[in-house]
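Engineer: Protein chains in written order, with the numbering used here: chain W, 183 to 574; chain C, 2 to 513. Just so you know, even glycine gets a beta-carbon here, dropped at the ideal spot from N, CA and C. Would you mind keeping the following structure in view while I ask a few things?
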């Protein structure tokens, strides 16, 4: 590779953000205040519309006002994984950035901000950033960043690399969006078939099930083993799917001791704490396994099909109900006792079957899209890796 | 109102104890209680001496006798005004070897001041700490009743803020709410059978002073106020000392704050003795079933302290007597025979008036358990018509372990100095609870989706389990949910696929 390796400070400024006390921050704008970005506003892109703080203009110097093509980076954080995350400001926006952040502003014609922005998002740079010093709050020193070596090919080549990576990035985002949209399709079909206008009988959950109980609730520290009976946790239930991550196992003895919550194929599981109300149907391969702090419901087979039941429990209307019965202030929690008093619309078994048929096709598509997304992620990572080694 | 400078003086005393090695907040408050008590003995004698001098008569009531104590120290040296001027080690010697034995002796002879001092012990041996604390306490202005009470309450608040070492203490604004709901009168005989620091009794006393000033003008009423109105029981002698001192410093001269294991003793002597019970009894506590009072087990056969306490209240109240008590949520819906029997009794044999559901962080940091205030009148013949339910969602403080105030001090509590706006109501429901309680007629037509509503006794009985949980009756108001059509989503997915296909082509071209 014949690219020059140039310290960042030679072609860009590193500017630290605005210092202000908590008492000086407002949650609403007015004529004398400027919006200020904080670490939470940096994700894949800059979040410029929500969760902004506002401070009096006098706190913000001229150079601290953000300009198009500035790269905003998190310089201080208690969490190493947050350190160094960055995003490019690719529009005109009036505002500034907080003291835990810095802005990298390219001042020379020799560098392309989009290219630089991609460089800062490589695993190599993030590893360097997260290894920064500090006890408690970790810091990337601006002086260290200024001397950080940047591979700098000719400007045209930088632009070409940036365009390829932008495109690959856009593709994986499109895939993610497609997956998100497909995940909502089941709910809209449910609503269309059995929504608010229908006159279906509302039946209490306790009358729809043969059993309703919850998995073992207690410390998990001492119960896991390297290999044994799969133990399903809340994090493994998302978007109506149970995706066991092959990480949590318990002994047969523990499973036997807690046989009350042993799973049966077709049971419906509901997340009890945290992301309350997420549900999934237990697939045949988890028959006889156990679960942690999930509500386990065995549907009455003549009355309700698991897949339909799971969808009925995940509607937005039901989620509103969970908000009303939840307990716990910091971590929302659902009690079985309250859940079983809630009611759901129960159509005929035939109608439920029709719904299950349609949504099974969606499940297949979800699975295909998930694979496509994984490929898109891999493609991006591969291109990113090659880009800065001069192999594109 | 406690000024900032007094607060800082107390904080300094507290810090002196901490840095002097006395770190358990209960021990700190216990030691301060002893010292305040010793100071008060001297104050009382000074008043008597001044009066005797004015009248030219001998002292009528002498606390410190003339002459020397059994170990040869003059009783005069045992007085606060004397020993406070001693050098630290000498002060330590006098206080430890002479003053405390004198206190214990007072306790044994049953003097009304000394009752709780039977086992008083100085809890530290650092002369400098003693000298420092005596000096600091001497400088805290405790001339009027309000300041004395406030100072002590401020110290008790430190038990609350001291975290795990502290004991379960009912937040003062919840006590205020319950007192304001019950509106004690000068004729009431008030009891808290699990009194702790006597917060409920103090709250009731202050309410009567504020709302019925005449209660202390007439000799008969004054006698009742000081000697007959307040009864608090506990089985922790440290708490009794603290509780008794709290009452004394709030200007109740001779409250009945005494040792009693409320659930273990038969209650034949004071059954039906009280007209008002205010309490937050311990729940989920351990209980020795064999020693539990048989008269309570006759009412309800259970090991659960929260149910036994309710049975106790029914026993202690006179007919027509009222109660406002904190119970854990389980009491409202528990399915055991004892749970159901007790709820049936409240609804069908007596007059259940209200259930105020508290948000679950109210007792943090001690407990996250969900609780409710139950208000009822003992009638013996029923009388429950409509039960008022209120779903309290905010009490003016954050519901996490920090319990940070969400509003200015003037807008906290059930009777804030300034009126609250709608937004502020969402942070402090207490004034709204009082306002609605005072106008129950207006509650009759409220829908079940509102924050408060009435439920007929028959409807509660019809549940078969006399279920009193708010969720059973509250109806959910569904916000209209906008749903997209499946067709629109599918169209969007197709468009995304087309875009992805184009993007892939383009990428391929660039890499070619």
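Please name the residue, chosen from W:290, W:537, W:549, that lies closest to residue 337 (chain W) on a Cα-to-Cα basis.
Structural biologist: Each of W:290, W:537, W:549 was checked against the Cα of residue 337 (chain W), and the nearest Cα belongs to W:290.
Engineer: Quick one: which residues of the stretch 334-347 of chain W get their C-beta closer than 9 angstroms to a C-beta of chain C? List them in chain order.
Structural biologist: 342, 345, 346
Engineer: Would a check of beta-carbon distances place residue 493 (chain C) closer than 9 angstroms to chain W?
Structural biologist: Under the Cβ distance rule, residue 493 (chain C) counts among the residues neighbouring chain W, one pair being separated by less than 9 angstroms.
Engineer: Per DSSP, what are the beta-bridge partners of residue 270 (chain W) in this structure?
Structural biologist: The beta-bridge partner set that DSSP reports for residue 270 (chain W) consists of W:253.
Engineer: For a minimum of 3 consecutive residues, which ranges assigned as the beta strand (DSSP E) are wholly contained in the stretch 145-205 of chain C?
Structural biologist: 191-193
Engineer: Would you check if the distance between the CB atom of residue 424 (chain W) and the CB atom of residue 475 (chain W) is smaller than 9 angstroms?
Structural biologist: no
Engineer: Quick check on the DSSP output: what are the complete alpha helix (DSSP H) runs of length 4 or more inside the stretch 211-266 of chain W, in order along the chain?
Structural biologist: none
Engineer: Report the rounded CA-to-CA distance for residue 496 (chain W) versus residue 477 (chain W), giving the unit in angstroms.
Structural biologist: CA-to-CA, the gap between residue 496 (chain W) and residue 477 (chain W) works out to about 14 angstroms.
Engineer: Indicate the three-state DSSP secondary structure (helix, strand or coil) for residue 418 (chain C) in the structure shown.
Structural biologist: It is coil, neither helix nor strand.
Engineer: Buried or exposed, going by whether 16 or more other CB atoms sit within 10 Å of the CB of residue 471 (chain W)?
Structural biologist: buried
Engineer: By DSSP's criteria, residue 372 (chain C) is part of a beta bridge. Which residues make up the other side?
Structural biologist: C:329
Engineer: In the DSSP assignment, what residue or residues form a beta bridge with residue 457 (chain C)?
Structural biologist: According to DSSP, residue pairing for residue 457 (chain C) in a beta bridge involves C:387.
Engineer: Whose Cβ in chain W lies nearer than 7 angstroms to the Cβ of residue 485 (chain C)?
Structural biologist: 370
Engineer: Among W:237, W:351, W:319, W:187, which has the Cα closest to the Cα of residue 226 (chain W)?
Structural biologist: W:351
Engineer: Quick check on the burial criterion: 16 or more other C-beta atoms within 10 angstroms. Buried or exposed for residue 51 (chain C)?
Structural biologist: Residue 51 (chain C) is classed as exposed because its beta carbon has fewer than 16 other beta carbons within 10 Å across all chains shown.
Engineer: Using a Cβ-Cβ cut-off of less than 7 angstroms, list which residues of the stretch 528-554 of chain W approach chain C; keep chain order.
Structural biologist: none
Engineer: Ends of the beta strand (DSSP E) at residue 333 (chain W)?
Structural biologist: 331-334
Engineer: Just reading off the alpha helix (DSSP H) that residue 474 (chain C) is part of, what are its end residues?
Structural biologist: 471-474
Engineer: Measuring straight from C-alpha to C-alpha, what distance separates residue 173 (chain C) and residue 200 (chain C)?
Structural biologist: If I take the Cα positions, the gap works out to 7 angstroms.
Engineer: So which residues on chain W does residue 504 (chain C) lean against when the C-beta distance must stay under 8 angstroms?
Structural biologist: 349, 352, 353, 356
Engineer: In or out: residue 214 (chain W) buried (at least 16 other Cβ within 10 Å) or exposed?
Structural biologist: It counts as exposed.
Engineer: Below 8 angstroms on the Cβ atoms is my contact criterion, and I expect residue 453 (chain W) with residue 419 (chain W) to pass it. Report the Cβ-Cβ distance as a whole number of Å.
Structural biologist: 6 angstroms
Engineer: Determine whether the Cβ of residue 11 (chain C) lies closer than 9 angstroms to any Cβ atom of chain W.
Structural biologist: no
Engineer: Identify the continuous beta strand (DSSP E) that holds residue 230 (chain C) and give its terminal residues.
Structural biologist: According to the DSSP assignment, residue 230 (chain C) belongs to no beta strand (DSSP E), since it is labelled neither H nor E.
Engineer: Can you tell which of W:535, W:531, W:503, W:428 has the C-alpha that lies nearest to the C-alpha of residue 524 (chain W)?
Structural biologist: W:503
Engineer: Have a look at residue 92 (chain C) and residue 343 (chain C) and give me their C-alpha separation to the nearest angstrom.
Structural biologist: 56 angstroms
Engineer: Are any of the Cβ atoms in chain C nearer than 9 angstroms to that of residue 502 (chain W)?
Structural biologist: yes
Engineer: Anyone know if the C-beta pair for residue 325 (chain C) and residue 376 (chain C) falls short of 9 angstroms?
Structural biologist: yes
Engineer: Got a sec: is the Cβ-Cβ distance from residue 14 (chain C) to anything in chain W below 9 angstroms?
Structural biologist: So, not an interface residue.
Engineer: Going by beta carbon distance, what residues of the same chain come within less than 7 angstroms of residue 440 (chain W), once the five residues before and after it are set aside?
Structural biologist: 398, 472
Engineer: Among the candidates W:457, W:479, W:232, W:540, whose CA atom is the shortest distance from the CA of residue 505 (chain W)?
Structural biologist: Of the candidates W:457, W:479, W:232, W:540, the residue whose Cα lies closest to the Cα of residue 505 (chain W) is W:457.
Engineer: Check each residue of the stretch 330-364 of chain C: if its Cβ is closer than 8 angstroms to any Cβ of chain W, include it; give the result in chain order.
Structural biologist: 334, 360, 361, 362
Engineer: Label residue 31 (chain C) either buried or exposed according to how many other C-beta atoms from any shown protein chain fall within 10 Å of its C-beta, with 16 as the threshold for buried.
Structural biologist: buried
Engineer: Who are the neighbours of residue 377 (chain W) on chain C, taking C-beta pairs under 8 angstroms?
Structural biologist: In chain order: 484.
Engineer: Leaving out five residues on either side along the sequence, give the residues of the same chain with a beta carbon under 8 angstroms from the beta carbon of residue 445 (chain W).
Structural biologist: 414, 451, 464, 468, 469, 470, 471, 472, 473, 478
Engineer: What are the uninterrupted segments assigned as beta strand (DSSP E) that are 3 or more residues long and contained completely in the stretch 283-329 of chain C, given in chain order?
Structural biologist: 318-329
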